[in-house]
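So the sequence shown is residues 1 to 384, counted in UniProt numbering. C-beta atoms are modelled at their ideal positions from N, C-alpha and C, and glycine is treated no differently. Quantities reported herein were computed from a predicted structural model and do not represent experimental measurements. Quick notes on the structure that follows.
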Amino acid sequence: MWRRLRRVRRVRRMTAGAPGPAVGIGWRPEIDLTIERLPGVEFMEVIAEGIRPGALPESLERVRSRGITVVPHGISLSLGGAERPESARLKHLGECAAALGAPLVSEHIAFVRAGNREAGHLLPVPRSRAALDVVVANVRIAQDALAVPLALEHVASVVSWPDDELTEAQFLCEIIERTGALLLLDVANLYTSAVNFGADPLEALDTLPLDRIAYVHVAGGALRDGVWHDTHTADVAEPILDLLAELAGRTALPAVMLERDGAYPAPSVLARELAAIRSAAGRAGDDVVRPWAAGLRRASGRVAPEPTDIARRALADAEDALLQALLGLSGPPPGFDADRVAVAGTALAHKRAHTHAKMSLGAKFRRNFAPKLRFDATGRTPRR
Numbered sequence: 001m002w003r004r005l006r007r008v009r010r011v012r013r014m015t016a017g018a019p020g021p022a023v024g025i026g027w028r029p030e031i032d033l034t035i036e037r038l039p040g041v042e043f044m045e046v047i048a049e050g051i052r053p054g055a056l057p058e059s060l061e062r063v064r065s066r067g068i069t070v071v072p073h074g075i076s077l078s079l080g081g082a083e084r085p086e087s088a089r090l091k092h093l094g095e096c097a098a099a100l101g102a103p104l105v106s107e108h109i110a111f112v113r114a115g116n117r118e119a120g121h122l123l124p125v126p127r128s129r130a131a132l133d134v135v136v137a138n139v140r141i142a143q144d145a146l147a148v149p150l151a152l153e154h155v156a157s158v159v160s161w162p163d164d165e166l167t168e169a170q171f172l173c174e175i176i177e178r179t180g181a182l183l184l185l186d187v188a189n190l191y192t193s194a195v196n197f198g199a200d201p202l203e204a205l206d207t208l209p210l211d212r213i214a215y216v217h218v219a220g221g222a223l224r225d226g227v228w229h230d231t232h233t234a235d236v237a238e239p240i241l242d243l244l245a246e247l248a249g250r251t252a253l254p255a256v257m258l259e260r261d262g263a264y265p266a267p268s269v270l271a272r273e274l275a276a277i278r279s280a281a282g283r284a285g286d287d288v289v290r291p292w293a294a295g296l297r298r299a300s301g302r303v304a305p306e307p308t309d310i311a312r313r314a315l316a317d318a319e320d321a322l323l324q325a326l327l328g329l330s331g332p333p334p335g336f337d338a339d340r341v342a343v344a345g346t347a348l349a350h351k352r353a354h355t356h357a358k359m360s361l362g363a364k365f366r367r368n369f370a371p372k373l374r375f376d377a378t379g380r381t382p383r384r
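What follows is the structure in structure tokens.
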């Protein structure tokens, strides 16, 4: 399959030239100046929980002053959780969109808390009909609270729920059709599912509503002991670029962006990554960018049943049991692959430790060093 995708990618390169998708990158404070100066960046995405709407980082303000669209990307709504989305989190996401003048916001079909515990990461939702009803209801609550359209992203995982009733693509398709939401398609996550669970990414593309794509994520990862980890800390693997080319050959993509969340390389390497993405998506040099953001809108969704309290409680119990297992508080729930739960638990522990260390370092820096630093107009510390 991957050989055929590579041939498709070569054909895409030869036939490129028509208006293509906007190409962007995720804005990260650690490399804000680098991102500002990267050539050919036409839009950006920012983690909503990392900014304050009333005091945007100066780097983002400079980016916006150049007319670059910035989309807030949420990671804490827990739309796949048993509880209804919290109004305070929805308010923050909406305020981020307003402050950035964003044409849309995006979030994940995942749960991030259960049993009064925060996971610290995006965890997969059971793909059952009962869970589907809960997710759809949560998405509609979020949509009604937001003034701009909502795009939904599927997540990468190393552990799967037993006895899923729907494939990943079928589950996503049902959610999009019932809610009228937009789709944030992550080709790296499709690749993750192919490696970790044997899912066919081409069948997924056959099933998904490609006409509802708002934009596309591309990211690198790492293979450890036969398991693919979507780390966002490595260069994009060739099969992921091949899958992007296949997708671009099937539909007119609005926009494509690179996610990089650590082990940041030299600016020249990031520029090369963006060039590879641009090529795989069918863009050639400085050709015309296809307009995308202005036409995005919420579609009319299908009538869907309201989930019962019993369904929410059952989902709460199931997700709490998995989270406890991942945190090492209990054994794997019945039906789960114990080895995969252990792998996922280790990955979650590393993610939580990294997040805690990052927050602690940031607080220590602000307390001890930030007041003493001055920067000139180029971002360099002036010599004394």
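According to DSSP, is residue i helix, strand or coil?
i: A363; result: Confidence in A363 is poor, its pLDDT being 49 and thus under 50, which makes the residue's placement unreliable; the coordinate value appears in the next sentence. A363 falls in the helix class under three-state DSSP.
i: Y215; result: strand
i: G226; result: coil
i: D164; result: coil
i: E153; result: strand
i: P19; result: coil
i: L210; result: helix
i: F111; result: strand
i: P29; result: helix
i: R260; result: coil
i: G221; result: coil
i: E238; result: helix
i: E174; result: helix
i: V63; result: helix
i: V118; result: The residue you asked about is not Val; residue 118 is Glu in the sequence shown. Three-state result, E118: strand.
By Cβ distance below 7 Å, which residues in the same chain neighbour residue i in space, the five residues on each side in sequence not counted?
i: A271; result: L38, P39
i: E30; result: Y264
i: M134; result: The amino acid occupying residue 134 in the given sequence is Val; Met does not appear at that position. Counting only Cβ-Cβ distances below 7 Å, and skipping sequence neighbours, we find A82, P307, A311, R312, L315.
i: E319; result: G81, A82, F111, A114
What number of angstroms, rounded off, separates the C-alpha of residue i from the C-alpha of residue j?
i: A145; j: L104; result: 13 Å
i: T167; j: D200; result: 10 Å
i: F43; j: A55; result: 20 Å
i: E49; j: A110; result: 16 Å
i: A347; j: S157; result: 10 Å
i: G198; j: R250; result: 22 Å
i: D163; j: I35; result: 43 Å
i: P225; j: A119; result: Residue identity check: residue 225 is Asp in the sequence provided, not Pro. Going from the Cα of D225 to the Cα of A119 covers about 24 Å.
i: P57; j: R84; result: 30 Å
i: R129; j: V139; result: 15 Å
i: L185; j: G24; result: 14 Å
i: A97; j: L327; result: 33 Å
Can you list, in chain order, the residues of its chain whose CB lies under 6 Å from that of residue i, leaving out five sequence neighbours each side?
i: E259; result: G26, H217, A219, H232
i: W292; result: A22, P254, A255
Between residue i and residue j, is the Cβ-Cβ spacing less than 9 Å?
i: R298; j: Q170; result: no
i: A316; j: G282; result: no
i: P72; j: V41; result: no
i: L296; j: A214; result: yes
i: E153; j: E107; result: yes
i: P209; j: E246; result: no
i: V159; j: L122; result: no
i: V269; j: D235; result: yes
i: T192; j: W228; result: yes
i: V343; j: A325; result: no
Short of 8 Å in beta carbon distance, which residues of its chain neighbour residue i, apart from the five on each side in sequence? Order them along the chain.
i: A321; result: S330, P333
i: E174; result: L132, V136, L166
Contact defined as beta carbons within less than 8 Å: I believe residue i pairs with residue j. What is the distance between those atoms, to the nearest angstrom?
i: L223; j: V187; result: The pair is not a contact, with the Cβ atoms about 17 Å apart (cut-off 8 Å).
i: A99; j: P149; result: With 8 Å as the limit, A99 and P149 do not qualify as a contact, their Cβ atoms being about 17 Å apart.
i: T179; j: G301; result: 5 Å
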